[in-house]
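Asker:
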Amino acid sequence: MITKSDWLTVREQLMNEERRSLGAPPTADELLAYRRGELDEAETERMRELLVAYPEFARALVEPFPAEDAKPGEVGYVSPGEIDRQWERLQERIGLPKGAPVVAAADRRVTFWRVFAAVAATLAILVTGWSLQLARRLEQPQLVTLGFPLLEDEHWRGSAPAPRTILPNRPEAYALIVPLKAENPFVEYRLEIVDVASGRKLWTTSAVQPRTDDTFSIVVPGRFLQSGRDYQVVLYGSNGKGEVRLATSTVTVEK
Amino acid sequence: MNIVKNGGNEWFERMYRKYYGRVYRFFRRDGIQDSEASDLAQDTFVRLYEGMSQYRGEAEWGYLETIARRVLFNWIRKGKAVKRNAPTVDIDDPEVKLDPPAAEEPDYAEREESELHCKQLREAIRELPTGQRGCQELRMDGMSYEEIAQALGISLDAVRSRLRDAKKFLMERLGDGGTLTEDQE
């Protein structure tokens, strides 16, 4: 009776024969090309032989990619603390500036709405023909229409410097208005504000859908922006498949 | 879209925080141990960072997956892969004895019989048509029908058909000993 051990022994013997006959294992480029269906018939046939001779590559080729992170207790789980630790290690390895968490952890953002809710402000902002209605306890925020470079083909490819907007010094709040191209295909948008000098990200919005007139607006409490400093307002678009960085506008607070 | 010109570091960190868990999980699911998987995940993001200027706005996850698979293929090529079925022993396992008992005397008759079976099986498999042989060998490695289909770029039905034909041929050549029993498959 042929045993399982006999089968494994024979498999190993055949594999060694095949490897001697075929030579070196496939390269990463060849495997990825095969995976994309870019090889011709002869190359494809040879790749199949190589995958039989080197089954570890066959397994690596078909190993599915996880659609989500592992949960605690599952193999492959990594804690938020470990992610931070690995990030520090990565920063050292590639020479990124340390100590300035440019991005907060994914679920941490400056909830300026919490601040603004404390002063009970609700804003609806219109530009060029809209009516602005405010319900708040503070004085009216400074309206600022941000200048973004013209968007081409859904992405910003302009080489000109980002336009600069001057903000008056420290009002209670700024209402930043983002005019979008009418044909812009993104479903949702997001803004981030980054301090230019330090590179530190100060604040990020959750996803916002544009109004019917292709603009959206956000309100930033004045205390987030210091006089005499430059800030980048970065616009991101999302269409459900992923997020794309679209454009940058620079704002400077007067001294 | 020029990531580098548009504040690449912010994009990079966002990619890292969004996908590190999945990339690490990918490497761990391939049976790689924790520290090695962490190193491979790091390698993946280093490659992402170094290639940022080439990113043209493709779907982020697919882009990163390609990099991670490349890292895995190169790691395997360096001979770092461990056989999936290789037995491992935990050195701290109290059951592991430092002085194992002497091996029993070999049963020469049993060994000769096994060598004969292996010879017959080897020759029989060599006679299989290429398509059947490939499926049969990958099946002997423990790959599922679906995995074999995906690896060889053929349909599931083709895999079933080839394995069925291979089994029939081997049984005819070797008798009942020519197939794995159900619990061996």
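Residue numbers (my numbering), protein chains in the order written: chain A, 245 to 499; chain B, 9 to 193. Every residue, glycine too, gets a C-beta built ideally from N, C-alpha and C.
1) Between which two residues does the alpha helix (DSSP H) harbouring B:Gly16 extend?
2) Using a cut-off of 8 angstroms between C-beta atoms, extract the partners of A:Asp313 located in chain B.
3) How should A:Ser249 be labelled, buried or exposed, when 16 other C-beta atoms within 10 angstroms of its C-beta is the threshold for buried?
4) Can you tell me where the alpha helix (DSSP H) holding B:Leu136 begins and where it ends?
5) Nearest by alpha-carbon distance to A:Glu436: which of A:Trp251, A:Val495, A:Thr271 and A:Gln476 is it?
6) What residues from chain A crowd round B:Ser46, counting only those whose CB sits closer than 7 angstroms?
7) Measuring only between beta-carbons, confirm whether B:Val54 sits less than 9 angstroms from chain A.
8) Could you check the C-alpha separation between A:Leu266 and A:Val488 for me, to the nearest Å?
9) Would you list the one or two residues that DSSP bridges to A:Ala417?
10) Grab me the residues of A:Arg255's own chain with a C-beta within less than 8 angstroms of its C-beta, minus the 5 sequence neighbours each way, in chain order.
11) What does a CB cutoff of less than 6 angstroms around B:Val198 pick up in its chain, not counting 5 residues either side in sequence?
12) Of all Cβ atoms in chain A, is any one closer than 9 angstroms to the Cβ of B:Gln140?
13) According to DSSP, is A:Arg444 part of a helix, a strand, or is it coil?
14) Should B:Asp149 go down as buried or exposed, given a rule of 16 or more other Cβ atoms within 10 Å for buried?
15) Alpha helix (DSSP H) containing B:Gln158: first to last residue?
16) In the DSSP assignment, what are the bridge partners of B:Leu80?
17) Between which two residues does the alpha helix (DSSP H) holding A:Leu335 run?
18) How would you list, in chain order, the residues of chain A whose beta-carbon sits under 7 angstroms from the beta-carbon of B:Phe177?
19) Take A:Ser471 and list the residues in its own chain whose beta-carbon comes closer than 7 angstroms to its own, dropping the five residues that flank it on each side.
20) Pair every Cβ in the stretch 269–277 of chain A with every Cβ in the stretch 157–175 of chain B, then say whether three or more of these pairs are closer than 8 angstroms.
21) Using the C-alpha atoms, what's the distance from B:Glu135 back to B:Ser169?
22) So, do the stretch 326–335 of chain A and the stretch 173–185 of chain B have three or more beta carbon pairs nearer to each other than 8 angstroms?
23) At the 9 angstroms Cβ level, is B:Gly161 part of the contact set with chain A, yes or no?
24) Let me see if you follow: with CB-CB separation under 9 angstroms, is B:Glu120 close to chain A or not?
25) From A:Leu340 to A:Met291, what distance separates their C-alpha atoms?
26) For the stretch 302–310 of chain A against the stretch 32–48 of chain B, are there 3 or more C-beta pairs whose distance is under 8 angstroms?
27) Give the single residue among A:Glu285, A:Thr271 and A:Val478 whose Cα lies nearest to the Cα of A:Glu300.
28) Could you check the C-alpha separation between B:Leu171 and A:Val296 for me, to the nearest Å?
29) With DSSP as the reference, label A:Thr271 as helix, strand or coil.
30) Please check if any C-beta of chain A sits within less than 9 angstroms of the C-beta of B:Gly65.
31) In terms of residue numbering, what span does the beta strand (DSSP E) encompassing A:Arg408 cover?
32) Just the Cα atoms here: how many angstroms apart are A:Pro316 and B:Arg37?
33) Check for me: the beta strand (DSSP E) holding A:Thr449 runs from which residue to which?
34) Any beta carbon of chain A sitting closer than 9 angstroms to that of B:Leu171?
35) Per DSSP, which residues does A:Arg489 bridge with? Please list them.
36) Applying the criterion that 16 or more other CB atoms from any shown protein chain within 10 Å of the CB defines a buried residue, is B:Lys86 buried or exposed?
Answerer: Once the coordinates are examined:
1) On the second sequence, residue 16 of chain B is found 8 positions in, with the first residue counted as 1. Where B:Gly16 is concerned, the enclosing alpha helix (DSSP H) stretches over Gly16 to Arg37.
2) One-based indexing of the first sequence puts residue 313 of chain A at position 69. Scanning chain B for C-beta atoms nearer than 8 angstroms to the C-beta of A:Asp313 yields Gly29, Arg30 and Arg33, reported in chain order.
3) One-based indexing of the first sequence puts residue 249 of chain A at position 5. With fewer than 16 other Cβ atoms within 10 Å, it is exposed.
4) As a first step, residue 136 of chain B must be located in the second sequence, where it is residue number 128. It is not in any alpha helix (DSSP H) - B:Leu136 carries neither H nor E in the DSSP assignment.
5) If you number the first sequence from 1, residue 436 of chain A lands on position 192. Closest option to A:Glu436, Cα to Cα, is A:Gln476.
6) Counted from its first residue, the second sequence places residue 46 of chain B at position 38. In chain order: Gln330.
7) Your numbering for residue 54 of chain B matches position 46 in the second sequence. Answer yes: the Cβ-Cβ gap between B:Val54 and chain A drops below 9 angstroms somewhere.
8) Residue mapping note: residue 266 of chain A aligns to position 22 of the first sequence, counting from 1. Residue mapping note: residue 488 of chain A aligns to position 244 of the first sequence, counting from 1. If I take the Cα positions, the gap works out to 44 angstroms.
9) Position 173 of the first sequence, counting from 1, holds the residue named residue 417 of chain A. For A:Ala417, which the question treats as bridged, DSSP gives the partners A:Pro465.
10) Walking along the first sequence from the start, residue 255 of chain A turns up at place 11. Excluding positions up to five away in sequence, the list is empty.
11) The structure shown does not extend to residue 198 of chain B, since chain B is modelled only from 9 to 193, so the question has no answer here.
12) Indexing the second sequence from 1 puts residue 140 of chain B at position 132. No, B:Gln140 does not count as interfacial toward chain A.
13) Residue 444 of chain A sits at position 200 when you count from the first residue of the first sequence. Coil.
14) If you number the second sequence from 1, residue 149 of chain B lands on position 141. In summary, B:Asp149 is buried, with 16 or more beta-carbon neighbours lying within 10 Å of its beta-carbon over all protein chains present.
15) For the purposes of this step, residue 158 of chain B is identified with residue 150 of the second sequence, where counting begins at 1. Element bounds for B:Gln158: Tyr153 to Leu160.
16) For this step, residue 80 of chain B is matched to residue 72 along the second sequence. According to DSSP, which records beta bridges pairwise, B:Leu80 is partnered with nothing at all.
17) Against the first sequence, residue 335 of chain A aligns to sequence position 91. Before going on, a small fix: residue 335 of chain A reads as Gln here, not Leu. Counting along the chain, the alpha helix (DSSP H) containing A:Gln335 begins and ends at Pro324 to Ile338.
18) The count along the second sequence starts at 1 and reaches residue 177 of chain B at position 169. For B:Phe177, there are no neighbours in chain A by C-beta distance under 7 angstroms, as the nearest C-beta there is about 14 angstroms away.
19) Within the first sequence, the letter at position 227 stands for residue 471 of chain A. Non-local beta-carbon contacts of A:Ser471 in its own chain, meaning distances under 7 angstroms to residues more than five positions away in sequence, involve Asn413, Arg414, Val497, Glu498 and Lys499 in chain order.
20) No contact exists between the stretch 269–277 of chain A and the stretch 157–175 of chain B.
21) Taking the second sequence and counting its residues from 1, one reaches residue 169 of chain B at position 161. Taking the second sequence and counting its residues from 1, one reaches residue 135 of chain B at position 127. Distance between the alpha carbons of B:Ser169 and B:Glu135 is about 17 angstroms.
22) At 8 angstroms Cβ cutoff, the stretches do not touch.
23) In the second sequence, residue 161 of chain B corresponds to position 153, counting from 1. Closer than 9 angstroms to some Cβ of chain A, the Cβ of B:Gly161 qualifies, so yes.
24) Position 112 of the second sequence, counted from the first residue, corresponds to residue 120 of chain B. Residue-level contact check: B:Glu120 does not touch chain A, since none of the beta carbons of chain A fall below 9 angstroms from its beta carbon.
25) For the purposes of this step, residue 340 of chain A is taken as the residue at position 96 of the first sequence. For the purposes of this step, residue 291 of chain A is taken as the residue at position 47 of the first sequence. C-alpha separation (whole angstroms): 40 angstroms.
26) Per the Cβ contact rule, the stretch 302–310 of chain A is in contact with the stretch 32–48 of chain B (3 or more Cβ pairs under 8 angstroms).
27) Translated into positions along the first sequence, residue 300 of chain A becomes position 56. When each option's Cα is compared against that of A:Glu300, the closest is A:Thr271.
28) By 1-based counting over the second sequence, the position of residue 171 of chain B is 163. By 1-based counting over the first sequence, the position of residue 296 of chain A is 52. Whole-angstrom Cα-Cα distance: 14 angstroms.
29) On the first sequence, position 27 is the one that residue 271 of chain A refers to. It is coil, neither helix nor strand.
30) In the second sequence, residue 65 of chain B corresponds to position 57, counting from 1. Using a Cβ-Cβ cut-off of 9 angstroms, B:Gly65 counts as an interface residue toward chain A, since at least one Cβ of chain A sits closer than that to its own.
31) Looking up residue 408 of chain A in the first sequence gives position 164. Boundaries of the beta strand (DSSP E) harbouring A:Arg408: Arg408 to Leu411, taken from the DSSP string.
32) On the first sequence, residue 316 of chain A is found 72 positions in, with the first residue counted as 1. On the second sequence, residue 37 of chain B is found 29 positions in, with the first residue counted as 1. Cα-Cα distance, rounded: 15 angstroms.
33) Counting from 1 along the first sequence, the entry for residue 449 of chain A is found at position 205. Per DSSP, A:Thr449 belongs to no beta strand (DSSP E) and is neither H nor E.
34) Position 163 of the second sequence, counting from 1, holds the residue named residue 171 of chain B. With 9 angstroms as the cut-off, B:Leu171 does not count as an interface residue toward chain A.
35) Counting from one through the first sequence, the residue named residue 489 of chain A turns up at place 245. A:Arg489 is bridged to A:Tyr480.
36) Taking the first residue of the second sequence as position 1, residue 86 of chain B is located at position 78. B:Lys86 comes out exposed.
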